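Before any comments, here is the structure.
Residue numbers (the working numbering): 3 to 53.
Here it is in structure tokens:
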């Protein structure tokens, strides 16, 4: 369930990112999502919720 919510969040984040940076292209969006997910995982690890 968490992963599904994460995916939805990532997609909406990607759309927001595309609006802000139309010149970034797909590579930039993918990189941005990857960075977001990595940061999210670090956050959960710090809170002791890592799976």
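Just so you know, even glycine gets a beta-carbon here, dropped at the ideal spot from N, CA and C. It should be emphasised that the depicted structure is a prediction, and the values quoted were computed from it without experimental measurement.
Inset, instruction - Give me the Cα-Cα distance between residue 38 and residue 13, rounded to the nearest whole angstrom. - result: Position 36 of the chain shown, counting from 1, holds the residue named residue 38. Position 11 of the chain shown, counting from 1, holds the residue named residue 13. When rounded, the distance between both Cα atoms is 11 Å.
Inset, instruction - From the DSSP output, in three-state form, read off residue 23 for me. - result: In the chain shown, counting from the first residue as 1, residue 23 sits at position 21. Looking at residue 23 - three-state DSSP - the assignment turns out to be coil, as it is neither helix nor strand.
Inset, instruction - Could you pull out every residue in the same chain whose Cβ sits closer than 6 Å to the Cβ of residue 34, ignoring the five residues on either side in sequence? - result: Translated into the one-based positions of the chain shown, residue 34 becomes position 32. If we look at residue 34 and ignore the five residues flanking it on each side, its Cβ neighbours are 19.
Inset, instruction - Grab me the residues of residue 47's own chain with a C-beta within less than 6 Å of its C-beta, minus the 5 sequence neighbours each way, in chain order. - result: By 1-based counting over the chain shown, the position of residue 47 is 45. Nothing meets the Cβ criterion.
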